[in-house]
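Numbering (the UniProt record's numbering), first residue to last: 1 to 529.
In structure tokens, the structure reads:
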């Protein structure tokens, strides 16, 4: 490979033509949020030496970014942020009312709580969390050292995982789901030749994502803190949910009825309690979505800042790019994140209501079938919306767009790069799935051993021991998935940066650009809006 490939910011074989041809973007398509001055994206083919974030009359010497930092970014979708804060504020009020109304506990602890909630078991779970954290970090270094091998192994691991799950369902007499999983695993295996061609590209993406994580270890610290935040909210929500019936009992109405045999019975209903449950479910779905989408947006903003500004003469536009990105996601772009999260939360709430109706009316076969069909359709819609939103949040992280504008541009991205994005995401997800499962198994084994050695009373009850071992598996897999979720966010952000403005990366990361452009020229072909 000659040196011209590293200095020429265009794909091999392209001859730059003199002159400039700019296509001014709309008002919302401003450059990477952090915020920067009005930005003109070059049409394809691009001008010889356009500088990212610079208007034509602002060009300085070639290779200089001349980017001005805008300290007055705009608040986007403010109405959604206000609505979310109002709902969350009402949830906090209800939590205080419900929890404070709970009678002071003087009841004897149950056998289950006295068996599980002991200091020895706390030590065991604490050890599991520490071990899962260590494994998660080691797995990141393993992926960095052997990316190709990890991707290949994770692909076949996914095939075996789905096949084993399908066989288990068959033995459990859940024939339809088992047959579908077995069929999917076989089709997945037969598609290996097609997937294999995409592995080198995913390898490059994975290597560069891990390079950024190594450069900014604060990303791992942030994910751990965010996990603690999510656990705290989950705990508060569960306590609020379980204490709601006691407080809402005063709104219950009861009537005396007579059955067909002449026997009288008392029938009670509490509409206010049902509405409270619906509100709590909706608030939970919305809040959890917002919590993790803020983290995803902050991580993506850091990756965009790295690819567009690392190595430039001016350097980063801020001293702490991750904190700056988190600040923007939590303030100026918070409304856009709330907007996108609201859509998913509504779908999830409808699904929860349908499932409640199905389980409360299980004797009506026709109703159950209709609800199952509706839930299946909504499940597919939810998955598509979540996948779509993931890329919309990246647009928000990079450019600070309102959600609707980000969604519109994401649609263009998916139309032009949908297959490549799907393949890249699937291969990265395989890597995370394999690591998560392996970490869960190791932590489950550790939990089992420690429980038998430290807590003999727990080990004497096989049912409790199995349940506690499963808890260890969940803890280990959850910690791993949370920490390594930064890899998924980083990989998606890298893909979008390559698709949105490949020539900014060509200037700042010429090695990465030339390697991708040489073998995958379509990936670095700019998106046309």
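Even for Gly, the Cβ is constructed at its ideal location relative to N, Cα and C.
These figures come from a predicted structure and were not determined experimentally.
Cα separation between residue i and residue j?
| i | j | result |
| --- | --- | --- |
| residue 432 | residue 196 | 18 angstroms |
| residue 200 | residue 190 | 19 angstroms |
| residue 28 | residue 410 | Any reading at residue 28 is ruled out, since the residue's pLDDT is 38, under 50, leaving its predicted position unreliable. |
| residue 140 | residue 126 | 22 angstroms |
| residue 262 | residue 350 | 39 angstroms |
| residue 446 | residue 79 | 48 angstroms |
| residue 136 | residue 482 | 9 angstroms |
| residue 510 | residue 212 | 16 angstroms |
| residue 84 | residue 338 | 7 angstroms |
| residue 273 | residue 453 | 46 angstroms |
| residue 181 | residue 198 | 24 angstroms |
| residue 256 | residue 221 | 59 angstroms |
| residue 153 | residue 382 | 29 angstroms |
| residue 244 | residue 98 | 5 angstroms |
| residue 317 | residue 303 | 13 angstroms |
| residue 167 | residue 134 | 33 angstroms |
| residue 156 | residue 462 | 33 angstroms |
| residue 81 | residue 328 | 13 angstroms |
| residue 320 | residue 228 | 22 angstroms |
| residue 515 | residue 310 | 18 angstroms |
| residue 365 | residue 359 | 11 angstroms |
| residue 355 | residue 367 | 11 angstroms |
| residue 504 | residue 307 | 8 angstroms |
| residue 340 | residue 288 | 12 angstroms |
| residue 398 | residue 416 | 19 angstroms |
| residue 171 | residue 203 | 38 angstroms |
| residue 226 | residue 160 | 32 angstroms |
| residue 387 | residue 264 | 54 angstroms |
| residue 402 | residue 396 | 7 angstroms |
| residue 427 | residue 194 | 12 angstroms |
| residue 499 | residue 506 | 12 angstroms |
| residue 188 | residue 412 | 28 angstroms |
| residue 145 | residue 164 | 29 angstroms |
Name the one or two DSSP bridge partners that residue i has.
| i | result |
| --- | --- |
| residue 266 | 256 |
Do residue i and residue j have their C-beta atoms within less than 8 angstroms of each other?
| i | j | result |
| --- | --- | --- |
| residue 132 | residue 468 | no |
| residue 389 | residue 441 | no |
| residue 248 | residue 276 | yes |
| residue 252 | residue 270 | yes |
| residue 439 | residue 477 | yes |
| residue 219 | residue 471 | no |
| residue 394 | residue 492 | yes |
| residue 95 | residue 246 | no |
| residue 301 | residue 76 | no |
| residue 530 | residue 484 | Here the chain has residues from 1 to 529 only, and residue 530 is not among them. |
| residue 280 | residue 240 | yes |
| residue 521 | residue 513 | no |
| residue 290 | residue 347 | no |
| residue 299 | residue 490 | yes |
| residue 369 | residue 357 | no |
Take residue i and list the residues in its own chain whose beta-carbon comes closer than 7 angstroms to its own, dropping the five residues that flank it on each side.
| i | result |
| --- | --- |
| residue 450 | 124 and 127 |
| residue 112 | Unreliable positioning characterises residue 112 in this predicted model, as indicated by a pLDDT of 44, which lies under 50. A coordinate reading is not provided. |
| residue 143 | 150, 206, 210 and 431 |
| residue 443 | 128, 131, 132, 472, 473, 475 and 476 |
| residue 184 | 162 |
| residue 286 | 84, 87, 341, 342 and 345 |
Can you find the residues in the same chain that come closer than 8 angstroms, C-beta to C-beta, to residue i, ignoring five residues on each side of it along the sequence?
| i | result |
| --- | --- |
| residue 429 | 488 |
| residue 278 | 349 and 353 |
| residue 175 | 169 |
| residue 437 | 157, 161 and 477 |
Within the same chain, show all residues whose beta-carbon is closer than 6 angstroms to that of residue i, passing over the 5 residues directly before and after it, in chain order.
| i | result |
| --- | --- |
| residue 87 | 283 |
| residue 207 | 147 |
| residue 404 | none |
| residue 64 | Confidence at residue 64 is low in this model, with a pLDDT of 38, below 50, so its placement is unreliable and no value can be given for it. |
| residue 237 | 284 |
| residue 267 | 255 and 257 |
| residue 178 | 166, 169 and 170 |
| residue 91 | 283 |
| residue 448 | 469 |
Three or more beta-carbon pairs under 8 angstroms between the region 308-327 and the region 375-387, yes or no?
no
Should the region 294-303 be regarded as contacting the region 329-339, the criterion being three or more beta carbon pairs within less than 8 angstroms?
yes
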